[in-house]
DNA sequence: ATCATCCCGTTGCGGATGAAACGAACCGCC
DNA sequence: GGCGGTTCGTTTCATCCGCAACGGGATGAT
């Protein structure tokens with residue numbers, strides 16, 4: 365078997381190459397990591413969102429959410445508050461600076477993505493979209509459990 | 365814009381989820397990292413291969429090749445020798461243990477991959493394959509340069 | 001032959017990452 | 001209302017990772 369023709373490898377390389385292009389945009393131009401980018405994306409879209417919702421809507425574990433949110437807060441892009449209903453949780457909101465910066469970053473990222481996708485034939489784009497959607501369904505259908513989830517936290521320990 | 369419907373995000377999540385499934389196989393069952401897996405794949409396919417060729421045929425930089433190769437050597441899966449033609453280079457060969465272990469690991473990984481892909485409709489599989497291929501071409505066509513390459517090493521420094 | 005320059009692999013180091021420990025807060029039951 | 005079990009977010013620690021410096025080795029000009 366040839367590595368270059370092994371499908372999982374090709375998929376990983378192509379996806380990673382595409383991703384790198386976008387990371388380069390919001391990374392170099394706006395100093396955001398991939399996780400910060402995703403959180404900012406969600407928070408800006410929701411206006412106000414709880415930590416639970418954040419973890420549920422991303423593939424990120426709670427550790428990653430904590431750290432990315434801390435950095436975003438230091439950069440004045442979001443604010444964090446403790447809801448009085450449940451003081452274990454956190455509620456995040458985007459600031460005006462954050463909203464402005466995200467809008468700019470999004471435009472640039474989207475432009476770069478469109479540039480790449482625009483270089484594809486429309487039928488190829490449609491095929492990619494369809495294939496990715498189907499792949500995601502297949503993964504969800506056949507993944508045993510927990511391989512995707514970072515933080516199952518199955519309990520402290522079974523007592524002897 | 366909704367994160368979940370943003371195409372770059374969907375692509376990244378799907379590709380990563382698929383990849384995780386395979387990493388779980390050769391990682392947990394055979395103690396290999398992704399980079400070790402790829403190197404072993406190439407070395408086994410070539411029988412004997414130089415460090416230059418390795419870096420060229422992967423997306424790995426020289427640092428990653430060095431370290432992954434060191435670990436593979438410690439695990440007795442490959443051997444390293446210095447060619448007398450150019451003593452800066454390294455030539456890698458796979459050992460018998462390495463070849464055996466890789467064959468087993470490959471079977472398992474391939475089985476897992478086939479299980480997932482087999483859960484897709486044949487037309488969806490074809491669409492995915494076509495889309496990925498086209499995406500890779502589009503990325504190559506529009507990526508300025510060096511965003512993909514880890515080690516351009518543009519020279520020591522510009523003298524004042 | 002000598003020396004400057006370039007090429008290649010390795011290593012040191014600072015920052016990032018993930019798993020597991022930790023502590024605060026809630027919930028149900030008595 | 002107190003207490004075990006549970007759910008969160010944070011911290012800790014060991015590891016990983018990439019960048020930049022390093023050193024051995026080749027190459028070409030003088």
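Chains as they are written, first to last, in this note's numbering: chain B, 365 to 524; chain U, 365 to 524. Backbone N, C-alpha and C define an ideal beta-carbon position, used for all residues, glycine too.
Item                                                                                                                                                                                                         : Value
Taking the beta carbon of residue 486 of chain U as the centre, do at least 16 other beta carbons fall within 10 Å, making it buried, or is it exposed?                                                      : exposed
Within its chain, find whatever has a CB closer than 6 Å to the CB of residue 505 of chain B; leave out the 5 residues flanking it on each side and keep chain order.                                        : none
Can you confirm whether the segment 478-495 of chain B touches the segment 427-437 of chain B when touching is taken to mean that 3 or more C-beta pairs between the two stretches lie within less than 8 Å? : no
Quickly, what does DSSP pair residue 456 of chain B with across the bridge? List them, please.                                                                                                               : B:413 and B:444
Closer than 8 Å, Cβ to any Cβ of chain U: which residues of the segment 378-389 of chain B, in chain order?                                                                                                  : 378, 379, 380, 381, 382, 383, 384, 385, 386 and 388
DSSP three-state label for residue 366 of chain U, please.                                                                                                                                                   : coil
If I'm right that residue 396 of chain U touches residue 406 of chain U with Cβ under 8 Å, what's the distance once you round it to whole angstroms?                                                         : Their Cβ separation, rounded to whole angstroms, is 13 Å, which puts residue 396 of chain U and residue 406 of chain U out of contact at 8 Å.
Tell me where the alpha helix (DSSP H) around residue 423 of chain B begins and ends.                                                                                                                        : Looking at the DSSP string, residue 423 of chain B is not in any alpha helix (DSSP H), and its letter there is neither H nor E.
Over what stretch of residues does the alpha helix (DSSP H) that includes residue 450 of chain U continue unbroken?                                                                                          : First-last for residue 450 of chain U: undefined, no H or E at that position.
Is it true that the CB of residue 422 of chain U sits closer than 9 Å to the CB of residue 381 of chain B?                                                                                                   : no
Under DSSP, the alpha helix (DSSP H) around residue 390 of chain U begins and ends at which residues?                                                                                                        : 371-392
For residue 498 of chain U, does the three-state DSSP call read helix, strand or coil?                                                                                                                       : helix
Report the three-state DSSP secondary structure of residue 482 of chain B (helix, strand or coil).                                                                                                           : helix
What residues from chain B crowd round residue 442 of chain U, counting only those whose CB sits closer than 9 Å?                                                                                            : What residue 442 of chain U touches in chain B: nothing, since even the nearest Cβ is about 15 Å away.
By a C-beta neighbour count over all protein chains shown, 10 Å radius and 16 as the cutoff for buried, is residue 367 of chain U buried or exposed?                                                         : buried
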